[in-house]
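J.: If you scroll down you'll find the structure; I have some questions about it.
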DNA sequence: ATGAAAGCGCTAACAG
DNA sequence: CTGTTAGCGCTTTCAT
């Protein structure tokens, strides 16, 4: 039952809107005149691009202050033929996973005085292409792309145009550019290893219906762990999940109906894990005592739903930061780090059962 | 227990990075030469700003196509003295509430060919001010600001600079600009009314520790509903919550310890509601049969945690869209709508108990 | 209906 | 150490 209720508010008519009246900012010439120097000097003071005597510098600084001067980034970009703008093409910041990545990107960009243009691809390749044009028009210095589908056309175009590009979160082997991803293979491996070490011998797995590199690698890790510990890799234990909680629940029932049923499940992401959790509860299984579940991604929903749920945590914020830094290095010509690359760690988060979880 | 595990990946050294080599885009002059027309004609074809004969238009269009021409937004902005860029100052897209608002903003902006610069204030007034300067430098056409604290300095500066500004989600009565917010008062009112109609007579309330307008209004709505239905407004039933789940849980215990205890709770947001839910469960209360809880915001965590949790839902996406549209109207001089404003609805979402919730 | 040309505000030679 | 000046790519008068 959903009853429609309430309403809105905008007290806009109470004001005299003065927008645009005063919108003019002092130019470099204004500053130069006030400081009684040439515009070149002002420019060089701002950019520290050639020595300026203390006297003049002080005059310039004072004038800038007095006029509340703010350099015009457009003029600067036009002249310099490069901007301090990054494009971020992301499926949807509404997804908490991407939201955290985006945050990391914006953080790192801000630290290096870059601003980021937010482009929601909305999981649409077409939209991605539209945004490629936008970013080209804005002369973005580089682009960070989080693929939404298997389609890499946007990235290919970017590379074709010679725009610095870094791919995040997923592989796109066909695109000639660096990518930053966590080691999903080992994530899957260690998740499974964890279950094995808990004593489980028959471990089910919820895979993604269509394979994007990162989720497939998780499954490969799962299989590798089984092999390494001498357990059979039984295809029947690998269920094709979906994208919604309900899919996870559904396929978990399928797995539990097997004879013999698995005693544990590794899910390719946390949504599936939560679905599995529900299914297990409905079957009267006590998690994690009777039945163990390990998820992947460590999204807040998982922690909320089951504080004791074990999951593989990706350093999403850090991934974003790394991606942005790598991109900025590429732009600056500092080039990608050839070695000494610090690991992008993936953690297995085994939360203690507090006994306070609502599902107890 | 948390064991550190895995690692990173960047196949960057496999490629010859060609970035920046080819980065040149055709200019309007290139197009003009190829089409054998003047640059003025090209410009007018692009902007449809004066009639151009079909013949020339076709030639221009063909040349643009052939050269893969993309107008330089910087040059255009410089010349036109205005950009198609919006600034979005937001506390943190990592918060699912803000993420959805951001998404709405970006959507509406995209539809009107504006791009948005993402600025995380990180709940810091100082950071907000830094971003004001960035946006001024970028000559953003306007700014949408979601306040992070009670501090309105950033907004005041923006208004002072004459930059079009719209405030979202909260009131800032001192700032002379329009704002778009849901009617939090009535949200609180109807939430409480709902509980009263369920038969509750002693209804507790979890309020925000420091008052931002929106949460305070929710509480006022709660009090008004009690009054209207002839119930006493007892200050002792209003507990000061916090920002974390645990705070909600803690103060719920306080409320439950009252004699007599309330039989229901209205929480100023969903996080507090979830905390209350946990506390209730720990006390052995069956929600919603023994004890009813209504939250506010309708964040995904709430739905995950308790599919049957009742909450007041704000149209976050729509709020973002409205805010962006309002801002764009202001920028275009279309002005704010004087009347006929369509309500920004807030819904009371009463979810059916499915019997499948993990906490059952 | 079309073109020539003057800047927008800034940076970076170049000249002193 | 400082100033003059020629553009960056585009829009927009002002002529034709």
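Chains as they are written, first to last, in my numbering: chain P, 1 to 360; chain H, 361 to 720.
C-beta: ideal position from N, C-alpha, C; glycine also.
(1) Could you work out which residues of chain P lie near residue 477 of chain H, taking near to mean beta carbons separated by less than 9 angstroms?
(2) Would you decide whether residue 240 of chain P is buried or exposed? Buried here means 16 or more other CB atoms lie within 10 Å of its CB.
(3) Fully enclosed by the region 27-93 of chain P, which alpha helix (DSSP H) runs are 4 residues long or longer?
(4) Using a threshold of 7 angstroms, state whether the C-beta atoms of residue 310 of chain P and residue 302 of chain P are closer than that.
(5) For the region 491-521 of chain H, enumerate the residues whose C-beta is nearer than 9 angstroms to any C-beta of chain P, in chain order.
(6) What in chain P is Cβ-close to residue 661 of chain H, meaning under 7 angstroms?
(7) Using a 10 Å radius around the Cβ and a threshold of 16 neighbouring Cβ atoms, would you call residue 58 of chain P buried or exposed?
(8) Quick one: does residue 21 of chain P have its CB under 7 angstroms from some CB of chain H?
(9) With the cut-off set at 7 angstroms, would you say residue 327 of chain P and residue 434 of chain H are in Cβ contact?
(10) Comparing C-alpha positions only, which one of H:604, H:402, H:666, H:470 sits nearest to residue 392 of chain H?
(11) When the Cα atoms are used, what is the spatial distance from residue 155 of chain P to residue 521 of chain H?
(12) Tell me, which residues are paired with residue 480 of chain H by DSSP?
(13) List the residues of chain H that residue 92 of chain P touches, going by C-beta distances under 7 angstroms, in chain order.
(14) Is the Cβ of residue 197 of chain P closer than 7 angstroms to any Cβ of chain H?
(15) Suppose the cutoff is 7 angstroms on Cβ atoms and the five residues either side in sequence are ignored; what does the same chain contact list for residue 149 of chain P look like?
(16) Classify residue 304 of chain P as buried or exposed, calling it buried when 16 or more other Cβ atoms lie within 10 Å of its own Cβ.
(17) Select from P:38, P:248, P:198, P:244 the residue whose C-alpha is nearest the C-alpha of residue 289 of chain P.
(18) In three-state DSSP terms, what is residue 627 of chain H?
(19) Determine the direct distance from the alpha carbon of residue 679 of chain H to that of residue 468 of chain H, and round the result to whole angstroms.
(20) Among P:102, P:137, P:259, P:111, which residue has its Cα nearest to the Cα of residue 384 of chain P?
(21) Who does residue 172 of chain P pair with in a DSSP beta bridge?
(22) Taking just the CA atoms, how far does residue 473 of chain H sit from residue 133 of chain P?
(23) Give a yes or no on whether 7 angstroms exceeds the smallest Cβ distance from residue 126 of chain P to chain H.
(24) Could you check which residue in H:428, H:439, H:502 has the C-alpha nearest to that of residue 692 of chain H?
(25) From the beta carbon of residue 674 of chain H, is the nearest beta carbon of chain P less than 7 angstroms away?
(26) What's the C-alpha gap between residue 186 of chain P and residue 262 of chain P?
(27) What are the start and end residues of the beta strand (DSSP E) that includes residue 294 of chain P?
(28) Which residue's Cα is closest to the Cα of residue 677 of chain H: H:517, H:541, H:385?
(29) Please specify which runs of the alpha helix (DSSP H), each continuous and at least 4 residues long, are wholly inside the region 224-260 of chain P, giving them in chain order.
(30) Output, in chain order, the set of chain P residues within a Cβ distance shorter than 8 angstroms of residue 572 of chain H.
(31) Helix, strand or coil for residue 142 of chain P, going by three-state DSSP, please let me know.
(32) Beta-carbon within less than 7 angstroms of residue 66 of chain P's beta-carbon, same chain only, minus the 5 sequence neighbours each way: which residues are those?
(33) Rounding to the nearest angstrom, what Cα-Cα distance links residue 252 of chain P and residue 275 of chain P in this structure?
(34) Determine whether the Cβ of residue 279 of chain P lies closer than 7 angstroms to any Cβ atom of chain H.
(35) Please report the straight-line C-alpha distance between residue 78 of chain P and residue 70 of chain P, rounded to a whole angstrom.
(36) Mind pulling the chain H residues with CB within less than 8 angstroms of residue 78 of chain P?
T.: Quick look at the numbers:
(1) 85, 115, 116, 117, 118
(2) exposed
(3) 28-35, 39-47, 54-67, 73-80
(4) no
(5) 491, 493, 494, 495, 496, 497, 498, 499, 502, 519, 520, 521
(6) 300, 301, 304
(7) exposed
(8) No answer about residue 21 of chain P holds up, because its pLDDT of 42 lies below 50 and its placement is not dependable.
(9) no
(10) H:402
(11) 39 angstroms
(12) H:450
(13) 463
(14) no
(15) 123, 125
(16) buried
(17) P:198
(18) strand
(19) 11 angstroms
(20) Nothing can be reported for residue 384 of chain P: it is not among the residues displayed for chain P, which extend from 1 to 360.
(21) In the DSSP output, where bridge partners are listed per residue, residue 172 of chain P has none listed.
(22) 12 angstroms
(23) no
(24) H:502
(25) no
(26) 22 angstroms
(27) 292-296
(28) H:541
(29) 245-256
(30) Those within 8 angstroms of residue 572 of chain H in chain P number zero; the least Cβ separation is about 15 angstroms.
(31) strand
(32) 34
(33) 8 angstroms
(34) no
(35) 16 angstroms
(36) 432, 434, 435, 438
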